[in-house]
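A.B. asks:
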Amino acid sequence: ADAHVAAVAAGRSLNAFITETPDQARAMAAESDRRIAAGEARPLEGIPLAIKDLFCTEGVLTTAASHILDGFRPAYESTVTANLWRAGAVMLGKANLDEFAMGSSNMTSYHGAVENPWRRQGDNRPLTPGGSSGGSAAAVAARMALGATGTDTGGSIRQPASFCGIVGIKPTYGRCSRWGIVAFASSLDQAGPMARTVRDTAILLGQMAGHDPKDSTSVDLPVPDFEKALDQGVRGLRIGIPREYRIEGTPPEIEALWQQGIAWLKDAGAEPVEISLPHARHALPTYYIIAPAEASSNLARYDGVRFGLRVPGQTLDEMYENTRAAGFGAEVKRRVLIGTYVLSAGYYDAYYLKAQRVRARIVEDFRNAFEKVDAILTPTAPSAAFGLGDKMDDPIAMYLNDIFTVTANLAGLPGLSVPGGLSAEGLPLGLQVLGRAFDEETVLRVGHAIE
Ligand code: GLN
29 ADAHVAAVAA GRSLNAFITE TPDQARAMAA ESDRRIAAGE ARPLEGIPLA IKDLFCTEGV
89 LTTAASHILD GFRPAYESTV TANLWRAGAV MLGKANLDEF AMGSSNMTSY HGAVENPWRR
149 QGDNRPLTPG GSSGGSAAAV AARMALGATG TDTGGSIRQP ASFCGIVGIK PTYGRCSRWG
209 IVAFASSLDQ AGPMARTVRD TAILLGQMAG HDPKDSTSVD LPVPDFEKAL DQGVRGLRIG
269 IPREYRIEGT PPEIEALWQQ GIAWLKDAGA EPVEISLPHA RHALPTYYII APAEASSNLA
329 RYDGVRFGLR VPGQTLDEMY ENTRAAGFGA EVKRRVLIGT YVLSAGYYDA YYLKAQRVRA
389 RIVEDFRNAF EKVDAILTPT APSAAFGLGD KMDDPIAMYL NDIFTVTANL AGLPGLSVPG
449 GLSAEGLPLG LQVLGRAFDE ETVLRVGHAI E
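Here UniProt numbering is used: the first residue of the sequence shown is 29, the next is one more, and so on.
Structure, rendered in structure tokens:
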């Protein structure tokens, strides 16, 4: 643990952590040493992890990268982190993210943006690590942590994994408990691991997952041995290539990456099959109605009374207003406004209900596709990491980043990003593997064949 605690301190210029927890790390590592010496090692004994600062950690500052949670030290531990500690993992600290996980660049963090450890060839300007789990991705890519937790509502594990050249999986909705994770959009949010290899990712997922009665959407299914699944290879698997993901304006290097991925899987004995997901083109607008709608409701709890920041006022209403005005950043306010609008009387049918109907169609598209194929391969993101601060004046351009990732959340399906190659400028590019509900094993197998 000492080496990783030192690596976290040495990497401070990346701003990957909001809170470092060296004392906890050393205490947990000492316990790990004791267990190892006693021949009682647990599955993740001594493995140092970065925890996205959206997971509540008992007694340890939990900010969601928002000013409004100033000083919030939860009295409880999220189920996912509790599972990891029970398996022997060691907490290095709380990783930076976009405020309330809303963003794709880490620029919306109250604690400042994270820097991607990668640079374009011959160009030293800082790049975004992606988001929202950008601190987690940077910490793993820069070798500060062996793995990290992330959350993914519309791509927040997969896109930063792609931008930082690491692996990340968003499991099936219900695979990991959401209990104790600061809620963004409850019907889309899912926790998952990020690590350097598919194998590490599979091992971490096995310890994070599991039924939790405290989350009514957590599913009571046995947790498979994800690592063991990797040995099965991909021979005979049918891999869907969705026609609709060939989007105009996608850079040629992304198309080339995709073709390369298809070729590798073919070489490994899988069979590529062209498929259609006819409603995929509606996924982004659907997501950007449903996610803000749920967020506006979830964020109503930050009233200056129950958590964190309070800015006084003459009346109770004024106190609410002052607290929320000072506590939320611009992107969070934009989402609360959009969400409140699409849920308001008179617009509910036109926007929210319509979005829910389209969501049902997207679910159906996947159900049909997975009758023909075992997994689906797409690029993870439409580009490599972009410059830190780029696209901040254009929210729509920023939202377009999520074009390939949001469908998996709308349909609740597992999605993995695995490094697939480098861009012309020498930056990592990820390939995305999607699978059937609760079939992370196949998703991981396909990812393992690509890496
Ligand atoms: N980038 C997407 C958004 O801003 C997804 C974020 C996430 O998955 N948490 O909503």
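Ideal Cβ positions, reconstructed from N, Cα and C, are used throughout, including at glycine.
Spatial neighbours of Ala167 within its chain, please: CB distance less than 6 Å, with the 5 preceding and 5 following residues excluded, ordered by chain position.
C.D. replies: Hits under 6 Å: Ala44, Ala78, Ala123, Ala173 and Ala176.
A.B. asks: Would you say the beta carbon of Ala319 is closer than 7 Å to some non-hydrogen atom of the ligand GLN?
C.D. replies: At least one heavy atom of the ligand GLN is nearer than 7 Å to the Cβ of Ala319, so yes.
A.B. asks: Around the Cβ of Asn152, are there at least 16 other Cβ atoms within 10 angstroms (buried) or fewer (exposed)?
C.D. replies: Answer is exposed; the Cβ neighbour count stays below 16.
A.B. asks: Do Asp98 and residue 5 have their beta-carbon atoms positioned less than 8 Å apart in this structure?
C.D. replies: Residue 5 falls outside the range modelled here, since the chain spans only 29 to 479, and no answer is possible.
A.B. asks: DSSP has Leu405 in a bridge; who is on the other side?
C.D. replies: According to DSSP, Leu405 bridges with Val461.
A.B. asks: Identify every residue that forms a DSSP beta bridge with Ser445.
C.D. replies: According to DSSP, which records beta bridges pairwise, Ser445 is partnered with Gly196 and Gln460.
A.B. asks: Give the straight-line distance between the Cα atoms of Glu469 and Gln342, rounded to the nearest whole angstrom.
C.D. replies: Looking at the two C-alpha atoms, the distance is approximately 57 Å.
A.B. asks: Any heavy atom of the ligand SAM within a distance shorter than 7 Å of the CB on Gly443?
C.D. replies: Absence of the ligand SAM is noted for the structure shown, with the ligand GLN being the only ligands found.
A.B. asks: Any heavy atom of the ligand GLN inside 7 Å of the beta-carbon of Ser190?
C.D. replies: For the ligand GLN, not one heavy atom lies less than 7 Å from the Cβ of Ser190.
A.B. asks: Closest to Gly162 by C-alpha separation, out of Met135, Thr181, Ala425 and Arg274, would be which residue?
C.D. replies: With distances taken between Cα atoms, Gly162 lies closest to Met135.
A.B. asks: I need the boundaries of the alpha helix (DSSP H) containing Met420, first residue and last residue.
C.D. replies: Neither: Met420 is in no alpha helix (DSSP H) and is coded neither H nor E.
A.B. asks: Skipping 5 residues on each side, what residues in its chain have a beta carbon closer than 6 Å to that of Ile46?
C.D. replies: If we look at Ile46 and ignore the five residues flanking it on each side, its Cβ neighbours are Asp81, Thr91, Lys122, Asn124 and His139.
A.B. asks: Got a sec: does the ligand GLN put a non-hydrogen atom nearer than 7 Å to the Cβ of Ser41?
C.D. replies: Not so, every heavy atom of the ligand GLN lies at least 7 Å from the Cβ.
A.B. asks: So does Ala129 have its beta carbon nearer than 7 Å to some heavy atom of the ligand GLN?
C.D. replies: Ala129: yes, Cβ under 7 Å from the ligand GLN.
A.B. asks: Report the residue ranges of all alpha helix (DSSP H) runs contained in full by the region 321-372; include only those spanning at least 4 residues, in chain order.
C.D. replies: You should have 344-355 and 358-371.
A.B. asks: Based on Cα-Cα distance, which residue from Ser325, Gly159 and Ala169 lies nearest to Gly417?
C.D. replies: When each option's Cα is compared against that of Gly417, the closest is Gly159.
A.B. asks: Where do the N-terminal and C-terminal ends of the alpha helix (DSSP H) with Leu265 fall, by residue?
C.D. replies: Per DSSP, Leu265 belongs to no alpha helix (DSSP H) and is neither H nor E.
A.B. asks: Check the DSSP bridge columns for Lys242 and list the partner residues they point to.
C.D. replies: According to DSSP, Lys242 bridges with nothing at all.
A.B. asks: Secondary structure at Thr179, three-state DSSP: helix, strand or coil?
C.D. replies: It is a strand residue.
A.B. asks: Who are Gln52's beta bridge partners in DSSP?
C.D. replies: Per DSSP, none; premise fails for Gln52.
A.B. asks: Which term fits Leu155, buried or exposed, when burial requires 16 or more other beta carbons within 10 angstroms of its beta carbon?
C.D. replies: Buried: at least 16 other Cβ atoms inside 10 Å.
A.B. asks: Taking the alpha-carbon of Cys192 as reference, which of Ala298, Ala38 and Ser132 has the nearest alpha-carbon?
C.D. replies: Among Ala298, Ala38 and Ser132, the Cα nearest to that of Cys192 belongs to Ser132.
A.B. asks: May I have a chain-ordered list of the beta strand (DSSP E) segments no shorter than 3 residues that lie completely inside the region 116-163?
C.D. replies: Those beta strand (DSSP E) runs which fall completely within the region 116-163 and span 3+ residues are 118-123.
A.B. asks: Hey, would you say the C-beta of residue 19 is under 7 Å away from at least one heavy atom of the ligand GLN?
C.D. replies: Here the chain covers residues 29 to 479 and nothing more, so residue 19 does not appear.
A.B. asks: Kindly examine the ligand GLN and report whether one of its heavy atoms sits closer than 7 Å to the Cβ of Gly183.
C.D. replies: Because some heavy atom of the ligand GLN lies under 7 Å away, the Cβ of Gly183 counts as near it: yes.
A.B. asks: Is the CB-CB distance between Ile269 and Val301 below 8 Å?
C.D. replies: Closer than 8 Å, so yes.
A.B. asks: Among the residues of its own chain, which have a CB less than 8 Å from the CB of Arg227, if the five just before and after it don't count?
C.D. replies: Closer than 8 Å at Cβ, skipping near neighbours: Glu255, Leu258 and His476.
A.B. asks: Tell me the DSSP bridge mates of Phe45?
C.D. replies: BP columns for Phe45 point to Ala123.
A.B. asks: Arg309: which of Trp207, Asp393 and Glu127 sits nearest, CA to CA?
C.D. replies: When only C-alpha atoms are compared, the closest one is Asp393.
A.B. asks: Are the CB atoms of Ala321 and Tyr380 within a distance shorter than 8 Å?
C.D. replies: Going by C-beta atoms, Tyr380 is nearer than 8 Å to Ala321.
A.B. asks: Rounded to whole angstroms, what is the Cα-Cα separation between Ser184 and Val339?
C.D. replies: In a straight line, the C-alpha of Ser184 is about 31 Å away from that of Val339.
A.B. asks: In whole angstroms, what separates the C-alpha of Gly182 from that of Ala165?
C.D. replies: If I take the Cα positions, the gap works out to 16 Å.
A.B. asks: Regarding Asp430 and the ligand GLN, is the C-beta to nearest heavy atom distance less than 7 Å?
C.D. replies: Yes, the beta carbon of Asp430 sits closer than 7 Å to at least one heavy atom of the ligand GLN.
A.B. asks: Report the partner residues of Phe432 according to the DSSP bridge assignment.
C.D. replies: Bridge partners of Phe432: none, in fact.
A.B. asks: Which same chain residues end up closer than 7 Å to Tyr104 when comparing Cβ atoms and leaving out the 5 residues on each side of it in sequence?
C.D. replies: Answer for Tyr104: Cys84, Glu86 and Gly208, listed in chain order.
A.B. asks: Between Ala397 and Ile303, is the Cβ-Cβ spacing less than 8 Å?
C.D. replies: Cβ atoms of Ala397 and Ile303: closer than 8 Å.
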